[in-house]
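One structure is given here, and the rest of the page talks about it.
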Amino acid sequence: MIETVFGTFVHLYAKSYPNVQVRLIEGIGAKVLDMVEQGEVQLAITVDAAVPAGNDHFGSRPLPPVRFSAAHYNLPELEHRQSIDIRGLAPYRLLLLDTSFVIRKRFDAACRLAGVRPNIQFEGSSPHTLLSLAEAGHGVAIVPSYVRFHRYTLGMLLVTHERKPLQEPLSIFWDNRRSLPRYAQDFCELLVEHIRKASPSSVLRRPSAKRK
Numbered sequence: 531m532i533e534t535v536f537g538t539f540v541h542l543y544a545k546s547y548p549n550v551q552v553r554l555i556e557g558i559g560a561k562v563l564d565m566v567e568q569g570e571v572q573l574a575i576t577v578d579a580a581v582p583a584g585n586d587h588f589g590s591r592p593l594p595p596v597r598f599s600a601a602h603y604n605l606p607e608l609e610h611r612q613s614i615d616i617r618g619l620a621p622y623r624l625l626l627l628d629t630s631f632v633i634r635k636r637f638d639a640a641c642r643l644a645g646v647r648p649n650i651q652f653e654g655s656s657p658h659t660l661l662s663l664a665e666a667g668h669g670v671a672i673v674p675s676y677v678r679f680h681r682y683t684l685g686m687l688l689v690t691h692e693r694k695p696l697q698e699p700l701s702i703f704w705d706n707r708r709s710l711p712r713y714a715q716d717f718c719e720l721l722v723e724h725i726r727k728a729s730p731s732s733v734l735r736r737p738s739a740k741r742k
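Read in order, the letters of the sequence shown correspond to residues 531 to 742 in our numbering.
Following this line, the structure appears as structure tokens:
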């Protein structure tokens, strides 16, 4: 999100609120929600599943969901396809985010529902590590759709389950026990509009030229 969305969005937001300083803090899941509760940050962006059940004091604004992409290098049987069912991943060595990520848990749950036992080659904490390994021919990387792919010579497929994109709801969260300033409310609305226009989640890249 920081690389793909906020690299450009912060400049656009500054045109509307030039006197508001935006500070970005990187984190995942429950960590960023804890920061919201403690008043360290005003807004957090995370998947909806990261919010514990019963925590109804969070306000939220939905964003386009995180979809799952399968990145491969030089696999002829996948070159002319735009999507792959999760069952179709069974023959491949997979490069996955580790189990600390909620979206990894979603992927594992989908595998169980589909009766697939994934052949896990590597688990990591960085999507770009997975993409680098995929480009080097070590397997198929399963990464969030918000990740930028343009630096890599890879084919990208949308991962599906039961003919629907495998995806995870994503939202902006804040603590309803504190008032949200107008500049923060507008931040949410402008961000939603920006992502809808610029998000790579709706763009599937075909394989780039093969290396010789």
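Here a beta-carbon is modelled for each residue, glycine too, at the ideal position from N, C-alpha and C.
Keep in mind that this is a model prediction, so the values were computed, not measured.
Residue environment, residue i, which counts as buried when at least 16 other CB atoms sit within 10 Å
{"i": "A739", "result": "The predicted position of A739 is uncertain, since its pLDDT is 37 and thus under 50; a value taken from the coordinates is nonetheless stated next. It counts as exposed."}
{"i": "H610", "result": "exposed"}
{"i": "D628", "result": "exposed"}
{"i": "E556", "result": "exposed"}
{"i": "V550", "result": "exposed"}
{"i": "G569", "result": "exposed"}
{"i": "S655", "result": "exposed"}
{"i": "A544", "result": "exposed"}
{"i": "T690", "result": "buried"}
{"i": "P621", "result": "exposed"}
{"i": "P592", "result": "exposed"}
{"i": "P548", "result": "exposed"}
{"i": "G674", "result": "According to the sequence provided, residue 674 is Pro. The question's Gly does not apply to it. It is buried - the Cβ of P674 has at least 16 other Cβ atoms within 10 Å."}
{"i": "L563", "result": "buried"}
{"i": "S701", "result": "buried"}
{"i": "P657", "result": "buried"}
{"i": "L608", "result": "buried"}
Supposed close pair residue i, residue j - CB separation, criterion 8 Å
{"i": "S720", "j": "G669", "result": "Here the sequence assigns Leu to residue 720, which means Ser is not the residue at that position. Between G669 and L720 the Cβ distance is about 38 Å, and since that is not below 8 Å, they are no contact."}
{"i": "E723", "j": "V577", "result": "Incorrect: roughly 21 Å between the Cβ atoms, too far for contact."}
{"i": "P648", "j": "L619", "result": "7 Å"}
{"i": "V552", "j": "V535", "result": "That belief does not hold up - the Cβ atoms of V552 and V535 are roughly 12 Å apart, past 8 Å."}
{"i": "D705", "j": "E567", "result": "6 Å"}
{"i": "F637", "j": "F598", "result": "6 Å"}
Continuous beta strand (DSSP E) stretch holding residue i: start and end
{"i": "D615", "result": "S613 to D615"}
{"i": "L624", "result": "R623 to L627"}
Limits of the unbroken alpha helix (DSSP H) element including residue i
{"i": "L643", "result": "V632 to A644"}
Beta carbon proximity, residue i to chain C, threshold 8 Å
{"i": "A666", "result": "Looking at the structure shown, chain C is missing, and only one protein chain is on hand."}
Discussion item. List, from N- to C-terminal side, the beta strand (DSSP E) runs of 3 residues or more that fit wholly inside the segment 655-740.
Written reply: 670-674, 685-691 and 697-705
Practice prompt. Quick one: which unbroken beta strand (DSSP E) runs of 3-plus residues sit fully inside the segment 535-600? Chain order, please.
Written response: 574-577
Practice prompt. Would you check if the segment 578-591 and the segment 603-620 touch, i.e. whether three or more CB-CB distances between them fall below 8 Å?
Written response: no
Item to complete: Could you tell me whether the segment 596-611 touches the segment 661-681, where touching means 3 or more Cβ pairs closer than 8 Å?
Response: yes
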